[in-house]
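Written below as structure tokens is the structure these notes are about.
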Amino acid sequence: MSTNPLLESHTLPPFEAITPDIIEPAVDELLARNKAAIERLVEEGSYTWQGLAAPLEAINDQLSQAWSPVSHLNATMNSPALREAYQACLPKLSAYGTWLGQHEGLFRAFQALAESDEYAHLDEGQRKSIDNTLRDFRLAGVDLPAEKKARFGEIQARLSTLSNTFSNNVLDATQAWHLDVPRERLDGLPQSALDTLAANAEAKGVEGYRITLDFPSFFPIMSHADDRALREEVYTAFVTRASDQGPNAGEFDNSEVMAEIVSLRQELAGLAGFDTYADYSMATKMADSPDQVLDFLHDLSSRAVPQAREEFQTLSDFAREELGIDALAPWDTGYASEKLREARYAISQEELRPYFPAPGAVDGLFRVIGKLFNVSFQENTEAPRWHSDVRFFDILENGRPIAGFYLDLYAREGKRGGAWMDECRVRRERGNGETQLPIAYLTCNFTRPVGDRPALLTHDEVLTLFHEFGHGLHHMLTRQTVADVSGINGVAWDAVELPSQFMENFCWVREGLDLIAAHVDTKEPLPDDLLERLQAARNFQSAMTMARQLEFSLFDLRLHREHLAPQAGDIQSLLNSVRDQVSVVPRVDFNRFQHGFGHIFAGGYAAGYYSYKWAEVLSADAWSAFEEAGVFDQSTGMRFRTSILEQGGARDAAVLFQEFRGREPSIEPLLRHSGIHRAA
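Its first residue numbered 675, the sequence shown is counted upward by one per residue in the working numbering.
Right, here's the structure in full:
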């Protein structure tokens, strides 16, 4: 019988050898092995770090190393056979997680370790790992009676399946729609967008131009297409994905999926002893309570929404006077905004594209990080990969590898939308004393290169690249050796965006852009006048943007706090109520944004979407330290590395921030950087 590669030890995953038929057998064997090993650990009674915590970490890392590439392939190379194998494993993995979290013998073993003399002599990361483990046992219902434990496990398994169903519905709905159009309907689109749409058509063996709902196709239509009816048609298809409305109404409908997810989360929170899922969520957050978060969001709303209304009125006046649009519809706002931006600042994303060829932007990213944190990068062209677009790099310090990452930049069929960083390998100390180096997946969905020309990124895409790499740095520059607190593990979820948002700032200043931007043909740096216009436009409609983020955050938090068993109509009514409070742009009744809101229904942001704004307070204040000392002040950069990036989850985020900044965080830099007036 041939060996299953998912059961073997690999420095990097053997992607080409991972076929759908080997996935479920590997997971079955690993789960059986792990359960038997855990029972032996408990029975042997050696409740020390080396006798309990270290071997438990090792066996769970083996499972992670097998499942991580499978999960990643499901997100980036989705196929019917892979999806079937992936879905078959989800309930088994969920059941294992519940069994582990509710194992009373293991819980008592960790209690004994926490109460032992050894505990005081462990290092900070080890102690925090033990503390977090005991907290997580309680959050998993370890103290519940048998029948409630069983129900807790059923809920966890069902939620795992439902979240995957939600994601699949969004992906399928996105790929089910397209529109083939002649060239004359695409007036206003820049050449880069026309090339993308032509390539879409060519890839499917049809003539002309094909519009899809992938972002590199959708966004140029909404921003540049002069054909208002075309904008309306594409907008309608996009905002009704996976819903009861629109061109594929009911076919991939997430309505009941959302309602069941929220109801089950609330039931789970109740079993764990919390009033609502929002309260349950706060147990692992930096924020103290849902009330504190609501106060924070309402305070920001009081500052941003009045200014957002002024910005929208300005946009409406411009659209009426210059574009002949008497009343802005939702499919007009992006188009009118781009025209206003060009009129006010004489700048557009398209004008910036030639200065951000993708290879140069990536090299610039590496130069920025090298200057900040004293590391270098080296590509490994022999590393196994899952697609020809993918590249692998080692991060070097003093010539020696300390981490590595995969870079997968471009949109393609079968790849989930959006951008993300995920864990391939976590930094930890193995049983033989060797250090396992951290490896990250860094995934984006940028416009693909066409022909022999490199892909030309928008400035927004460069921001996304830096943002996701900030998460990658948090994962890869950690110095922790315990998996549970290594990288982003164990970091309060509402602080995890600090490094990612911080890194975006280098894309706005001359010092950073001189390393990032160079014209694709002439290699000239970004001209002064273009930089000035870019910086002047930075806070264009910033209050409208903040109001949009507040809408998402308030909807998420209130949904998981106020509705114990909602129907799809209740979810829509709540979103409408939030929009009445903070939204300033027009809306239509058929908009079903929530049906594609993967962050909260299929990601890790349930009752936590506010984290983006919460962490932005931290990131803006952290950046202000570089404004004071110098953008590439090495002592400040190394202090950020040692105080924030290297610490992982070994210490509380609030303590780490105060160590870096010398004080508690201030909201002032966020308001200043966002162009939000101070007066409420």
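The C-beta atom is built at its ideal place from N, Cα and C for all residues, glycine as well.
In this structure the segment 1228–1242 does not touch the segment 1194–1208; the number of beta carbon pairs closer than 8 Å is below three. If you look at P729, you'll find it in the alpha helix (DSSP H) that goes 728–750.
Per DSSP, reduced to three states, the secondary structure at H852 is strand. Counting along the chain, I1113 sits inside the beta strand (DSSP E) bounded by residues 1113–1120. Between R1015 and F1214, the gap from beta carbon to beta carbon is short of 9 Å. Taking a cut-off of 8 Å for Cβ pairs, the segment 763–773 and the segment 819–828 touch, as three or more such pairs fall below it.
When DSSP states are grouped into helix, strand and coil, T1109 belongs to the strand group. At least 9 Å separates the beta-carbon of F1176 from that of A1324.
Put simply, the segment 777–784 touches the segment 803–823. At least three CB pairs are less than 8 Å apart.
Annotation for R1065: the continuous beta strand (DSSP E) segment containing it runs 1065–1071. In terms of Cβ geometry, G1034 and N1054 do not form a close pair [threshold 9 Å]. Taking all protein chains in view, the Cβ of A903 is surrounded by fewer than 16 other Cβ atoms within 10 Å, so the residue is classified as exposed. Using a 10 angstroms sphere on the CB of N1106, the tally of other CB atoms stays under 16, which defines it as exposed. In this structure, L1345 keeps its C-beta atom at 9 Å or more from the C-beta atom of R1090.
Cα atoms of L1172 and W1288: separation of roughly 9 Å, rounded to the nearest angstrom.
The criterion of a C-beta distance shorter than 9 Å is satisfied by T848 and D888. In this chain, the alpha helix (DSSP H) harbouring A783 covers 778–788. Distance between G920 and S891, taken at the CA atoms: about 19 Å. Burial of V1259 is indicated by the presence of at least 16 other C-beta atoms within 10 angstroms of its C-beta. Non-local C-beta neighbours of W1182 in its own chain, meaning closer than 8 Å and more than five positions away in sequence, comprise L1208, Q1209, R1212, ordered along the chain. One thing to note: A759 has its Cβ within 9 Å of the Cβ of P694. Between L1147 and L1319, the gap from beta carbon to beta carbon is short of 9 Å.
Across the structure, G1282 and H1234 are spaced so that their CA atoms are roughly 10 Å apart. Per the Cβ contact rule, the segment 856–867 is not in contact with the segment 968–982 (fewer than 3 Cβ pairs under 8 Å). When T1132, N1048, Q1321, L1189 are compared, the shortest CA-CA separation from G1311 is found for N1048.
For C1098, no alpha helix (DSSP H) run applies; the uninterrupted beta strand (DSSP E) run containing it begins and ends at 1094–1099, by DSSP. Under a 10 Å Cβ-count criterion, S1293 is classified as buried, with 16 or more other Cβ atoms of the shown protein chains found around its own Cβ. Counting C-beta pairs with one atom in each stretch, the segment 1182–1194 and the segment 990–1009 have fewer than three that are closer than 8 Å, which means they do not touch. When the five nearest sequence neighbours on each side are left out, the beta carbons in the same chain lying within less than 7 Å of the beta carbon of A1221 are those of A978, V979, A982, V1256, S1257, V1258, in order along the chain.
Assignment of D1202 by DSSP, reduced to helix, strand and coil, places it in the helix class. Partner residues in the beta bridge of R884, as assigned by DSSP, are D854.
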